[in-house]
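Peer 1: Numbering (the working numbering), first residue to last: 830 to 1311.
Glycine included, C-beta positions come from ideal geometry on N, C-alpha and C.
Note that this is a predicted model, so its numbers are computed, not measured.
One structure coming up, written as structure tokens, with questions to follow.
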DNA sequence: AAAAAAC
């Protein structure tokens, strides 16, 4: 190989059917991960590849694999005319679907066949395709094991394995299935791991699955794209929905991902945002696969503006031109923050990532700060509808609690009165079923009340417009962790 | 604290 780095696909001298496919897609220049990974994979080496979200990892492994499969005919004397030679594993069904489509388009001028199998869909059509024979199989782990055990998929000829979102595939929830799948594969093979995030522990674990790997790290692993503008607003849990409305309006944003930590919370939020007049759909793992694919499709087509979702949508989904990502809840894992906000600002586009931070999220925000090695400034959210009121009363403090935390009684462990039993059948969840209504001016909390709240936890009642996470954490942590 | 992945 020459010492000058390659930067265009034409320099790779890919087989004609592949360079034609690349040209069809309008690609000319390679991204850094592609420029570095493709030549290494072409040499047949194992790879652990880390690159920021949205920088073309799929092409970085698909193209050289296809190239090698074209150049090196399967020499085995297997009775199967089309044994599975390459296996690509992914942690979610939607992602498997997406990667399968990409592989298909790169392979469209070749004779290589590909198929995708994932759960939630009828086994039969997948079985038929597998029986016809495919060289490239894209799959999620559970359904693949079903097919292996039903002898629909025979993997003893596999030459290449790709674990996309590798750190997720190696985490505790997936590892048992993954190990079982790998036990069906030949020991002698090429293994490729790709992700935007690799923790040191995962790197160590990963290396036990690789033979003499080449580590490729484009930018720092765990880095967020520099084109994404990130904000963290300290918002009372009850104010998150109107904060969402306000940011969308003030930034003139139309489409956005809205991430929520639980499936139930996801369904509820989607429902109330819909009632509040936003075109919304929900994507989470309690929906049928049919509904999941439909939700994603309608978001892609722009039929809905908001995709309210759980972390099922955090990784890999490549939807063009989504301008914003909201973390309605701060994610439990800092890695997921990197992946979530990676849904915007893809392929060099600009993007906005807004996270709503409640008081009990201080630790999570500190974790994110550490992972992305970036100082996070917590910002106060000023609501437009409150500004006249604030002026009129001649105060800057609008009476909201100094940190957007849970009820202070929770923190202080004060017993609360039991909720009144409902006499009549009430809506299942009054809070989420009601559209947000601005409180009447007379109901505005007094300054005294706010000062009392604030002194209770030792934070100045005068909210500074920007506060550091560290300060917040220091103030809140003892009470929360106690 | 949850989600994801098989029926």
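To the nearest angstrom, how far is the alpha carbon of residue 1052 from that of residue 910?
Peer 2: 44 Å
Peer 1: Output the distance between the C-alpha atoms of residue 1105 and residue 1165, rounded to the nearest integer angstrom.
Peer 2: 28 Å
Peer 1: What separation, rounded to the nearest whole angstrom, lies between the Cα atoms of residue 962 and residue 1143?
Peer 2: So the alpha carbons of these two residues sit roughly 32 Å apart.
Peer 1: Any idea if residue 1124 is buried or exposed, counting beta-carbon neighbours within 10 angstroms, 16 or more meaning buried?
Peer 2: buried
Peer 1: For the candidate residues 1207, 1200 and 1182, whose alpha-carbon lies nearest to that of residue 1191?
Peer 2: That would be 1207, whose Cα lies nearest to the Cα of residue 1191.
Peer 1: Are the beta-carbon atoms belonging to residue 890 and residue 866 less than 9 Å from one another?
Peer 2: yes
Peer 1: Just mark residue 954 as buried or exposed, buried being the case when its beta carbon has 16 or more other beta carbons within 10 Å.
Peer 2: So residue 954 ends up on the exposed side.
Peer 1: Start and end of the alpha helix (DSSP H) containing residue 1157?
Peer 2: No alpha helix (DSSP H) holds residue 1157; DSSP gives it neither H nor E.
Peer 1: If I follow the unbroken beta strand (DSSP E) through residue 877, where does it start and stop?
Peer 2: 876 to 879
Peer 1: Mapping DSSP to helix, strand and coil, what is residue 1017?
Peer 2: coil
Peer 1: Closer than 6 Å by C-beta to residue 1201: which residues in its own chain qualify, once you throw out the five before and the five after it? Chain order, please.
Peer 2: The answer, listed in chain order, is 1053.
Peer 1: How many angstroms separate the CA atom of residue 923 from the CA atom of residue 1079?
Peer 2: In a straight line, the C-alpha of residue 923 is about 32 Å away from that of residue 1079.
Peer 1: Which first and last residues belong to the beta strand (DSSP E) in which residue 956 is found?
Peer 2: Looking at the DSSP string, residue 956 is not in any beta strand (DSSP E); the run it does join, the alpha helix (DSSP H), is 952 to 961.
Peer 1: Using the beta-carbon count (16 or more within 10 Å), is residue 1069 buried or exposed?
Peer 2: buried
Peer 1: In chain order, what are the residue ranges of uninterrupted alpha helix (DSSP H) at least 4 long that sit wholly in the region 1054 to 1106?
Peer 2: 1069 to 1079 and 1092 to 1104
Peer 1: Leaving aside the five residues before and after residue 873 along the sequence, list all residues of the same chain whose C-beta is less than 8 Å from its C-beta, in chain order.
Peer 2: The beta carbon of residue 873 sits closer than 8 Å to those of 897 and 1019, all from its chain and outside the five residues before and after it, given in chain order.
Peer 1: Using three-state DSSP, classify residue 1115 as helix, strand or coil.
Peer 2: coil
Peer 1: When you compare only the Cα positions, how much space is there between residue 846 and residue 1180?
Peer 2: 35 Å
Peer 1: Output the distance between the C-alpha atoms of residue 1128 and residue 991, rounded to the nearest integer angstrom.
Peer 2: 28 Å
Peer 1: Out of curiosity, what's the CA-to-CA distance linking residue 859 and residue 878?
Peer 2: 15 Å
Peer 1: Is it the case that the Cβ atoms of residue 1169 and residue 1147 are separated by a distance below 9 Å?
Peer 2: no
Peer 1: Compare the C-alpha of residue 1013 against each of 913, 1021, 1041 and 1039 and name the closest.
Peer 2: 913
Peer 1: If you reduce the DSSP assignment to three classes, tell me which class residue 943 lands in.
Peer 2: strand
Peer 1: Between the alpha carbons of residue 1159 and residue 1061, how many angstroms are there, rounded?
Peer 2: 10 Å
Peer 1: At the level of alpha carbons, what is the spacing between residue 940 and residue 1161?
Peer 2: 44 Å
Peer 1: If you scan the region 971 to 1030 from start to end, which runs of the alpha helix (DSSP H) of 4 or more residues do you find wholly inside it?
Peer 2: 995 to 998 and 1004 to 1012
Peer 1: Which residues does DSSP pair with residue 1133 in a beta bridge?
Peer 2: Partner(s): none; residue 1133 has no beta bridge.
Peer 1: Have a look at the DSSP bridge pairing and note the partners of residue 1200.
Peer 2: Paired residues: none, contrary to the question.
Peer 1: Going straight from the alpha carbon of residue 947 to that of residue 983, what length do you get?
Peer 2: 16 Å
Peer 1: Considering only the beta carbon of each residue, do residue 932 and residue 887 sit closer than 9 Å?
Peer 2: Going by C-beta atoms, residue 932 is nearer than 9 Å to residue 887.
Peer 1: Between the C-alpha atoms of residue 1048 and residue 1002, what's the straight-line distance to the nearest angstrom?
Peer 2: When rounded, the distance between both Cα atoms is 28 Å.
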